[in-house]
Each structure stands twice: as C-alpha cells, then as structure tokens.
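Student: To start, I am sharing the structure in question, which I have written as structure tokens.
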Amino acid sequence: MIDFEFDEEQQLIRETVTSFAAERVRPAAREADETATVAESLVDAAWELGLIQGSVPEAYGGYASQAPSAVTGALIAEGLAEGDLAIALHLLSPRLVVDPVLVLGTEQQKQDLLPAYLGERFVPGSAAVLEPHINFHFTRMRTTARRDGGGWVLDGDKCMVPLAKAAPWIVVYAADDSGALAAFVVPSGTPGLEIGEREKMLGLHALELYSIALRGCRVPDSARLPGDAAKLLRRARVAQSAMAVGVAKATLDYAIGYAKERDVFGVKVGQKQAIAFMLADMATETDAARLLNWEAAWNLDQGNEAAREVALAHRYCADMVMTVTDNGLQVLGGHGFIRDHPSEMWVRNGRGFATFEGIASI
Amino acid sequence: MDFSLSKAAQGRIAMARMAAESLMRPISRQYDEEEHTDPWDFFNTMWEASKANAEATSLGGKKSGDKKVSENTLLACMQIEELAWGDAGLYLSIPNPGLGGAAVQAVGTPEQKQRFLGSFYKGKPKWGAMAITEPHFGSDSKQVATTAVREGDEWVLNGTKIFCTAGHRALNESDGFVVVWATLDRSKGRAAIKSFIVPAGTPGVTVTRLEDKMGIRASDTVTITLDNARIPADNILGTAEIVEKGSTGSFGGVMATFDSTRPIVAASGIGVARAALEVLTQVLAEQGIAIRYEAGPSEQTVLEREVMNMEAQLQAARLLTWKACNMMDRGQRNSREASMAKAKAGTVVTRVTQKCVELAGALGYSRKMMLEKWMRDAKITDIYEGTQQINQLIIARSILGYSSGELN
C-alpha cells in the first residue's frame, strides 16, 4: 500500500542524523570550505554515530540486521548533506568501498575487506568513477580492464576521486573486454595507480578530490567484484540525489528564516508575494524531488533494476537543486552573494550534482 | 515507506480503467464537439454501477476500516486519474453528489447527511453541485454578496452564482441539489458566510447561462440566479450563528473541504497528461524512436530529454498528490501538501499536454488526434479549486508561518 510514513528505525536514524548535522556539521561548514579540510574531531564524532557500522551485517562486524537499504541510505545522505555536502561526502566515504563489497562482492571478499572498516576509528574509502570527458555515462566507461593471465590490467584516466591519497582501497570502475561495466578493489600503492594533484573545484572545497591515472595497473582476479556494477552505480545516483535534496532543504530553510527577518517597505520581505511565491515553489520542488528519489530507492530495495526510475530522479534532483539554491541566494539579494551567509556556498555545491557521479554511496 | 499498490488499489484502478476505455474514450470526441448535449447512455450506465456499489456498501458487503491505515482518499485519486485518462469532461459529468456532496459530508449534521446523501442513489440519475463564485469575485471568496435572510422557518436567498460545475444537470436534468454560499450579514465578513442546500425545483432558482468553454466541454458550467428562492430553515450547513474562527460550519470548516478536493483535481489533471504522454510515446515508437534512459549526455536527443523530463515531472506531481492523500488518510492536517499537489499538477499537466502537441507536430495540432483536446482539457487543472497563485499563497503562508492577514 502506498504509504510515506517512516518506520521506527528510519525515524530514529533520521532524527540522529539531522540533529548531528544541525549541531556539529552546519557550524563547521564555512570553515571547512575556507580551509579546504574536514576537522579530525568532527570525523571522530561522526564515527561514533555508527552510520558505517550500521550498514554492515553482524556477520562481518557491523550491527545491521539486513542488507543495506537504499531508502535508509537516502535518509542518512539527505540529513548529513543538509548540514554540509562536502563534509557529508567525507564522512560517508567508507561506504564507497563497503557498499560495493557488500552488494557485489563474494563471501571471501567481504571477509577480507570489511573488518578494516569496522575498527575503532574512521578509515576513508574511495571510488574512481568519473572520467574527464564530456560524454561520460557510467554505462560507457573509457577506462578499460583487460584480461591478462590470472588477473586484470587497468588503463585510463579518472577524476574527482575522493580521498584517493588517504584511502587504503579505491574501487575502480572500468569496462572489461566485453564492454561490460566492472568494479575492482585496488589497494593504494599498487604499481600503475598514479594519484595526481588535488583538484580544485567550483564547490566541495572541503572534500579532497584527486585525478588519478591508471597505467598498466595490474590487479589479481580476486580484486574484481563479480556482481552487476551498474546496480551499484544506480545506488550511488540515489545517494547523490538524496544529498541534492539535503542541500535544497538547507537553502530553503535558511531563505525562509531570512525572509521573516528582513525589513522591506515597512513589512518583512517574506510578506511580499514575489519572494513568498519563490519560497513556495522551492518548497514544492524540494518535496517533489525527495519523493521521486525515495521511489527510485524503494525500487532498488525491492531488487528491481530501476534504470528508468533512477535516471529520472537523478536528472530531476540535479535540476531542482540548481534552481532552488539559485533562488535561495536571490531571496537574500546582495547579502546572498557575500560569504558571511552560506547561500553562495550552496549554489556552488548544488551546481555540481548535474556533473559529478559516483562520489557518494549508500 | 511503501510504493507498492495494494490489492484494493489495483482493483479500483482496473475497474476505472475499464469504464474509461469502454465507455468514455469512444464518445470522448463527440461530446467535445457537441457541447451542451447529454450522453444519457453513459450517465445511466455509470448511475447503475454507482447504485449497485452504494447498495453493496450499505448492506455491509464492502468493509473498509479493518486495516490500520485507511487509503480511501488515495483510492479516490487513483480512480479519478483513470477516469480523467478516459475523458476529463465526462468524468466531471458522472451523476454523483460532487462537490455539493463533499460539503454536506464535511460540515452537515447526521440528519442532513441522511436527507441529502442517504438516499441519493435511488431512482433516476442525480447530480450535486457547489456554487461559490460570483461575477465580481473568484478566489477572494469572502466577497460573497449573495444574501440569505431568515423568514419564519425558511431561508430566502438572493444573488447570482457563476462557474457552477454540473449546475444545469443538478437543477434542470435531475432531482439534485446545489450547495450555495451566501452571507447572513455582509458587514461581518467571513464569519457570516454560510452554505445552504438548494434542491432542484426550488422556485426562484434559474439556470440563466451555460458557458462555452475551451476544454472539459462535456461538463456543464452554469450561471444560477437566485431570486427570492425559499428553502427550509434546516437546509443551512452548520450553525446559523455568526461566530469567529474555528467552529464547525464556519468559513474555515468549508475551506477545509479543499484539503480533500485539491488532490482529486490534481489527480484528474494527471490522468489527462498521462493520456497525452502515452499517445506521444506511441507516435514516437511508430517512428522507431525509443527513449534510452541511460544514454550518455551527448548521445541523448532533445526528444528523449523532453520525454524524460515530462515523465519525471508527471510522476513528481503524482507522488505529491499521493502524499497529500496519505496524510489525509492518516488523519494528519494536509492543507500545505494538498496545495503543493494542486499547484505542481496544475503547472505540469498544462506544460506536458502543450509539449505533446508540439512534439507530435502537425499531427498533434489536428483534431484527428486527441492531443489538442487534452491540451484544452488540462488547462482547467491550474484554475478551478484554487488557481496556481492561490495555492502558492497557501503554501507560502504555511512554510513562513504567516496568517492570511500577514501574507495576502
């Protein structure tokens, strides 16, 4: 039966994440953006929330009762991104390795890789998905994986690879000899895996992003995750879209607060229809995008391919967040352009959703 | 959270779909071209089905309420999406208590519900209607100038009502009724506005004009003149006292019926737009064009992008509508969500149906196909039961926490 209510577990997770985002993440967001770092203390505090541990079943050292749910993941992603997008991506980066291993990996791969992520402290994860060319789509990778003896040889260029320097493993996505999308867990230090300069972007300043080059990078057969990697990258799109909704929600609430404070022509600016209607549209679009993305997530949780649903929600959320963040800045007028307010940062961060891919996972 | 259709929903959709395909689509163009005529075969068939359904319900043959969460509003929306997919004008013409019935249901006494709805589905087809709008106002409904004066054990109504849906069929073609908004005292504003049940055959009540419209032409839209129309004293809905906010039967009470009718209007528009999008997709398929949802950004054609955008927009509007229904079924206040659904659907269905005409080219513009009709039928979604702008106003007040005095 069509029903939009959260169950108890979802409600609890949502409350935990949104209060952490409001109390710890948001206050740290501007400094993180200006200094291009995420504070260690914040990473440690987030680790205590158990967002990573809670997605891994007990058999591998976590405390999840079931396989990771895309709907629950979307709630976490939205909640953290409402605090700050770059910090959210940093804090959830372990899932860039954990989720592919859980969803696509063999029993042996799970035993080998997961415990490293379930220790006392945060261990960064990374995924190399995006490529630096204009016709990128995850089903058409230019990076190749060539069968060679008992292993694979990876060749190609990747960009926007999060935490590539610090992560002990990078999950590399490539097209195999038959053109099929495949995922490989590549340990840091593997010869032929060249980590380039840290990339400087329009937004996401606090998140460490790198370009990497794969030059005859040889990995054993056991590095390949055997499952359908497209399935995983659709989950990644849902995670990313949920974060777009989080950024939009942050923008909307901030603009509403400002509109109720700012005096204009003897009333508050929110009492003017030109502003009030803009806010009404922003609210409607944020809700609409969230529902579309939940439906896509729910379909994935049912085991459906959901290629259409995910594609539609992904495009919708990416467009929505651009419009909403832009209007959110506009409500503040000139003040929106000044870095004292977060609105300009949300515009810069929000603009990325239509371009990046695979830097979040659930 | 669940996005699956229940058994009940699947059943309701299948039934409505059958009526839409076999009874509505075949006569859809005819009653668009022949405005102000009555499809009696269709009325009679729908009436008999409603009668049978009403009897089954009163005999206890159908039980709802066993489940923890009701889905009555949701099911109504799903059914209406299908019927409007068949034909939006014919859907509005189905003999039933309509918006008048909704008002009686929302603020009527048990006795009034029994008197006007209890035996509604007896005898020949009947219609209920609602008359709010007057020549000098539309959305600003506190401007009601039609008067109601108590004389002995009767109310005497005087005034002119316009844009009354199904008013002609309620008053002239059946023993139906119209719920009329009138004021007891114009100087007292909102609090003095009450609604009154005016039965067919009341002397002094005349349908003076049938509107010629752009779309939904099968549905009649009329002007009603009330000239010393006398109705029984107990035909007032709610109390005759002029009380400020909050009490049952007050202005706010009647306005609250919009919380259930706005998602229904949204659903009907979505049905029309879905019809258009389905036909467009079919036309494209005949040309060998299929939508590649996972094509690369520079491989995808403009056409594919347009279709994907329309599909996403339509589903977004549908989910907002279902959300508003789900909240109502859970007994939660849903004014904001009802307006979001209505505002979103109003824009989306207008744009989608226009775009379908455009993308189908000369075919789309021709009356040989239905696309141009659906474009005309869809536009009303953004107007009646509160225009786009009125709904934006309601959403804005809700998110900003403003009263109607603070934001208007």
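Protein chains in written order, with numbering that gives the first Met the number 0: chain A, 0 to 361; chain B, 0 to 407.
Glycine residues also receive a C-beta, built at the ideal position from the N, C-alpha and C atoms.
Predicted, not measured: the structure shown is a model, and the values here were computed from it.
Given K61 (chain B), which residues of its chain have a CB within under 7 Å of its CB, disregarding the five upstream and five downstream residues?
Tutor: Here residue 61 (chain B) refers to the residue found at position 62 when the second sequence is read from its first residue. With a pLDDT of 46 at K61 (chain B), under the threshold of 50, the predicted position of this residue should be treated as unreliable, and no value is reported.
Student: Per DSSP, which residues does S194 (chain B) bridge with? Please list them.
Tutor: As a working note, residue 194 (chain B) is residue 195 in the second sequence. According to DSSP, which records beta bridges pairwise, S194 (chain B) is partnered with B:W180, B:L236.
Student: Identify whether I394 (chain B) lies in helix, strand or coil by the three-state DSSP scheme.
Tutor: By one-based count along the second sequence, residue 394 (chain B) stands at place 395. In this structure, I394 (chain B) counts as helix in the three-state DSSP scheme.
Student: Which first and last residues belong to the alpha helix (DSSP H) in which V184 (chain A) is found?
Tutor: Looking up residue 184 (chain A) in the first sequence gives position 185. No alpha helix (DSSP H) contains V184 (chain A), which is instead part of the beta strand (DSSP E) from 180 to 186.
Student: Below 7 Å CB to CB, which residues in the same chain sit around G64 (chain B) once its five sequence neighbours on both sides are set aside?
Tutor: Taking the second sequence and counting its residues from 1, one reaches residue 64 (chain B) at position 65. For G64 (chain B), the predicted model reports a pLDDT of 49, less than 50, meaning its position is unreliable and no value from the coordinates is stated.
Student: Taking the alpha-carbon positions, what's the T247 (chain B) to T238 (chain B) distance?
Tutor: As a working note, residue 247 (chain B) is residue 248 in the second sequence. As a working note, residue 238 (chain B) is residue 239 in the second sequence. Summary for T247 (chain B): the model assigns pLDDT 49, below 50, so the residue's position carries little reliability; its value from the coordinates is reported in the next sentence. For T247 (chain B) and T238 (chain B), the distance between alpha carbons rounds to 8 Å.
Student: From the DSSP secondary-structure annotation, give me the bridge partner or partners of C216 (chain A).
Tutor: Position 217 of the first sequence holds residue 216 (chain A). DSSP, once it has assigned bridges, lists A:L153 as partnering C216 (chain A).
Student: With a threshold of 7 Å on Cβ separation, who are the neighbours of A255 (chain B) within its own chain once the five nearest residues in sequence on each side are excluded?
Tutor: Taking the second sequence and counting its residues from 1, one reaches residue 255 (chain B) at position 256. Cβ neighbours of A255 (chain B) beyond the five flanking positions: A105.
Student: Per DSSP, which one or two residues make a beta bridge with D423 (chain A)?
Tutor: The question about residue 423 (chain A) has no answer here: the residues shown for chain A are numbered 0 through 361.
Student: Pull up the CB-CB distance for E356 (chain A) and F5 (chain A), whole angstroms please, since I reckon it's below 8 Å.
Tutor: The residue labelled residue 356 (chain A) in the question sits at position 357 within the first sequence. The residue labelled residue 5 (chain A) in the question sits at position 6 within the first sequence. That belief does not hold up - the Cβ atoms of E356 (chain A) and F5 (chain A) are roughly 28 Å apart, past 8 Å.
Student: Identify whether R13 (chain A) lies in helix, strand or coil by the three-state DSSP scheme.
Tutor: On the first sequence, position 14 is the one that residue 13 (chain A) refers to. Note: R13 (chain A) maps to helix in three-state DSSP.
Student: Alpha carbon to alpha carbon, what distance is there between R120 (chain A) and S221 (chain A)?
Tutor: Translated into positions along the first sequence, residue 221 (chain A) becomes position 222. Translated into positions along the first sequence, residue 120 (chain A) becomes position 121. Distance between the alpha carbons of S221 (chain A) and R120 (chain A): 27 Å.
Student: I need the DSSP call for T354 (chain A), collapsed to helix, strand or coil.
Tutor: Numbered from 1 along the first sequence, position 355 holds the residue referred to as residue 354 (chain A). Three-state DSSP puts T354 (chain A) in coil, outside helix and strand.
Student: Would you kindly work out how many angstroms separate the C-alpha atoms of L74 (chain B) and G302 (chain A), rounded to a whole number?
Tutor: Taking the second sequence and counting its residues from 1, the one referred to as residue 74 (chain B) is at position 75. Taking the first sequence and counting its residues from 1, the one referred to as residue 302 (chain A) is at position 303. Each residue's Cα considered, the two are about 26 Å apart.
Student: Kindly indicate the opening and closing residues of the beta strand (DSSP E) around D169 (chain A).
Tutor: By one-based count along the first sequence, residue 169 (chain A) stands at place 170. Note that residue 169 (chain A) corresponds to Ile in the displayed sequence, not to Asp. From DSSP, the beta strand (DSSP E) with I169 (chain A) extends over 168 to 174.
Student: Comparing the C-beta of V68 (chain B) with each C-beta of chain A, is any distance below 8 Å?
Tutor: Position 69 of the second sequence, counted from the start, is the residue given in the question as residue 68 (chain B). Yes - at least one Cβ of chain A is within 8 Å of the one on V68 (chain B).
Student: Would you say A166 (chain A) and S125 (chain A) are within 8 Å of each other, going by their C-beta atoms?
Tutor: Here residue 166 (chain A) corresponds to residue number 167 of the first sequence, with the count starting at 1. Here residue 125 (chain A) corresponds to residue number 126 of the first sequence, with the count starting at 1. Yes, they are a contact pair.
Student: Buried or exposed, going by whether 16 or more other CB atoms sit within 10 Å of the CB of F352 (chain A)?
Tutor: Start at 1 with the first residue of the first sequence, and residue 352 (chain A) comes out as number 353. Answer is buried; the Cβ neighbour count reaches 16.
Student: When burial is assigned at 16 or more other CB atoms within 10 Å of the CB, is V263 (chain A) buried or exposed?
Tutor: Reading the first sequence from its first residue, position 264 is the one you call residue 263 (chain A). V263 (chain A) is exposed by the Cβ-count criterion.
Student: Assuming contact is defined by CB atoms lying nearer than 8 Å, are G155 (chain A) and E130 (chain A) in contact in what I supplied?
Tutor: As a position in the first sequence, residue 155 (chain A) is number 156, starting the count at 1. As a position in the first sequence, residue 130 (chain A) is number 131, starting the count at 1. Closer than 8 Å, so yes.
Student: Checking 8 Å against the spacing of the C-beta atoms, do L208 (chain A) and M140 (chain A) come in under that value?
Tutor: For the purposes of this step, residue 208 (chain A) is taken as residue 209 along the first sequence, with counting starting at 1. For the purposes of this step, residue 140 (chain A) is taken as residue 141 along the first sequence, with counting starting at 1. Their beta carbons are not under 8 Å apart, which means L208 (chain A) does not touch M140 (chain A) by this criterion.
Student: From the beta carbon of M0 (chain A), is the nearest beta carbon of chain B less than 8 Å away?
Tutor: Indexing the first sequence from 1 puts residue 0 (chain A) at position 1. So, interface residue.
Student: Does the distance from the CB of V206 (chain B) to the CB of F195 (chain B) come in under 8 Å?
Tutor: One-based indexing of the second sequence puts residue 206 (chain B) at position 207. One-based indexing of the second sequence puts residue 195 (chain B) at position 196. No, the Cβ-Cβ distance between V206 (chain B) and F195 (chain B) is not below 8 Å.
Student: Please classify S342 (chain A) as buried or exposed, where buried requires at least 16 other C-beta atoms within 10 Å of its C-beta.
Tutor: As a position in the first sequence, residue 342 (chain A) is number 343, starting the count at 1. The residue in question, S342 (chain A), is buried, as its Cβ has 16 or more Cβ neighbours within 10 Å.
Student: Kindly indicate if chain A contains any beta-carbon less than 8 Å away from that of K62 (chain B).
Tutor: Locating residue 62 (chain B) in the second sequence gives position 63, counting from the first residue. In this prediction, K62 (chain B) scores a pLDDT of 48, lower than 50, which makes its location untrustworthy; no coordinate-derived value is stated.
Student: Quick one: what does DSSP say Y292 (chain B) is sitting in, helix, strand or coil?
Tutor: If you number the second sequence from 1, residue 292 (chain B) lands on position 293. In the structure shown, Y292 (chain B) sits in coil (DSSP, three-state: anything other than H, G, I, E or B).
Student: Measuring straight from C-alpha to C-alpha, what distance separates G10 (chain B) and A265 (chain B)?
Tutor: The sequence position of residue 10 (chain B) within the second sequence is 11, counting from 1. The sequence position of residue 265 (chain B) within the second sequence is 266, counting from 1. Their backbone Cα atoms lie some 21 Å apart in a straight line.
Student: Please classify P190 (chain A) as buried or exposed, where buried requires at least 16 neighbouring CB atoms within 10 angstroms.
Tutor: Within the first sequence, residue 190 (chain A) is the residue found at index 191, counting from 1. The residue in question, P190 (chain A), is exposed, as its Cβ has fewer than 16 Cβ neighbours within 10 Å.
Student: Is the shortest distance between the beta-carbon of W345 (chain A) and the beta-carbons of chain B less than 8 Å?
Tutor: Sequence index remark: in the first sequence, residue 345 (chain A) carries index 346 (1-based). Chain B contact via Cβ: absent.
Student: Starting from the beta carbon of M0 (chain B), find every residue of chain A whose beta carbon is closer than 8 Å, and list them in chain order.
Tutor: Your numbering for residue 0 (chain B) matches position 1 in the second sequence. Near M0 (chain B) (Cβ distances below 8 Å), the residues of chain A are D2, F3, E4, F5, D6, Q9, V70, W293, W297.
Student: When DSSP builds the beta bridges, which residues end up paired with E150 (chain B)?
Tutor: Within the second sequence, residue 150 (chain B) is the residue found at index 151, counting from 1. In DSSP, E150 (chain B) forms a bridge with B:E153.
Student: Give the interface partners of E47 (chain B) over in chain A, defined as CB-CB distance under 9 Å, in chain order.
Tutor: Here residue 47 (chain B) is taken as the residue at index 48 of the second sequence, counted from 1. Simply none; closest approach about 30 Å.
Student: So is T164 (chain B) buried or exposed if we call it buried at 16+ other beta carbons inside 10 Å?
Tutor: Residue numbering aside, residue 164 (chain B) sits at position 165 when the second sequence is read from its first letter. Burial call: buried.
Student: Measuring straight from C-alpha to C-alpha, what distance separates A294 (chain B) and F42 (chain B)?
Tutor: Position 295 of the second sequence holds residue 294 (chain B). Position 43 of the second sequence holds residue 42 (chain B). For A294 (chain B) and F42 (chain B), the distance between alpha carbons rounds to 48 Å.
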